[in-house]
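These notes concern the structure reproduced below.
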Amino acid sequence: MTIPPRAQLADGPSGYTYAAVLVRLDGPPPTADDVLAGLREIRFSGWVAPPEDGWLVVVPSAGDGTAAAGRRGVVGVAEWLAERHGAPILAARVVDDRQLLLVAWADGAEIGRYLSDPSHGTDPDEEIRSEPYGAEHADGFAAACGRPGAAEELGELLAEELDPDSVIESERLGRVLRLLGMPRWPVAVASLPRDMPTGPRAREMTRLRTGVPGLWGWLRGRVVEPLRKRRPPPPAVTDAPRGGSGMDPWLM
């Protein structure tokens, strides 16, 4: 597995922001063509990779922004596909290599949401705690992906508070993908539209802009995508724990 080198972001931490939806295809429908048709219906912008090892990887062009109609970001796109097809689906998003979001569905129902550091990017006055949120969903994530034996190790990985000075969230995501038996190259999708260090070549992927390939999609994207940047998707997690250490002040 190759993880892209860190990139220094203006006025912020070093690291990449990117996202991916992974759709399990090794059971009953959907097929890859079914998923592609659904993405066109919601006017998705991004890339669709060829199926690999029973999984289809969908990469939004906006890592933490709106990538489809209805203010859908990576979670909204994955949720729509899950409700339409019922297949096991995992949405993954990395922000600045400092925060990892995972959301999974099976049989059209959401299993749970995980956020490695809910405090990242929030106002300090909100006092949102930094410890991982939702690690208890590891069992459900593993079962949905057909890897129930990985549940314990996955739970330990998700519950770990990483040292931001030495470990980036792309590394955690790479380990998650390995444990769940998924393609591991999504950690490199920040390289798109150029070729990624690992995984399929950019020319091997289907590129959609507002649900349309080719020149017409490019023209539509020039109009629609700037508008989407001004209408970001809703927060993926709104009930993260708040308040310092959580210790009762009467015990201090």
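Count along the sequence shown from 1, then add 1; that gives the number in my numbering.
Heads up, the beta-carbon is just placed ideally off N, CA and C, and yes, glycines get one too.
Out of the options, which has the shortest C-alpha to C-alpha gap to residue i?
i: Y17; options: R94, P89 and D34; result: R94
i: R118; options: P194, L102, D124 and A110; result: The sequence given here has Asp at residue 118, not Arg. Taking only the C-alpha atoms, the option nearest D118 is L102.
i: G212; options: V78, E128, R25 and A237; result: V78
i: K230; options: W56, S62 and P52; result: S62
i: D35; options: S46, T123 and P52; result: P52
i: D97; options: W217, P236 and A191; result: A191
i: A139; options: A83, G122 and L181; result: L181
i: S46; options: G150, P233, G222 and P194; result: G222
With a CB to CB cut of under 7 Å and the five nearest residues on each side skipped, what residues in its chain are close to residue i?
i: V58; result: A21, L23, A50, P184 and P187
i: V224; result: none
Go ahead and pull the three-state DSSP assignment for residue i.
i: E154; result: helix
i: I4; result: Note that I4 scores a pLDDT of 46, beneath 50, so its modelled location is shaky; the value from the coordinates is reported in the next line. Of the three classes helix, strand and coil, the one that applies to I4 here is coil, per DSSP.
i: R195; result: coil
i: L180; result: helix
i: V49; result: strand
i: E111; result: strand
i: R221; result: helix
i: R204; result: helix
i: P61; result: strand
i: L216; result: helix
i: L209; result: strand
i: R232; result: coil
i: R73; result: strand
Skipping 5 residues on each side, what residues in its chain have a beta carbon closer than 6 Å to that of residue i?
i: A105; result: L91, I112, F142 and A145
i: L37; result: V49
i: Y134; result: L116, P119 and A241
For residue i, is the classification buried or exposed, using 16 other Cβ atoms within 10 angstroms of its Cβ as the cut-off for buried?
i: A110; result: exposed
i: R99; result: buried
i: L220; result: exposed
i: S167; result: exposed
i: D65; result: buried
i: W48; result: buried
i: T67; result: buried
i: P30; result: exposed
i: G39; result: buried
i: E128; result: exposed
i: P234; result: buried
Strictly by DSSP, which residues pair up with residue i?
i: A93; result: A21 and L103
i: L82; result: Partner(s): none; L82 has no beta bridge.
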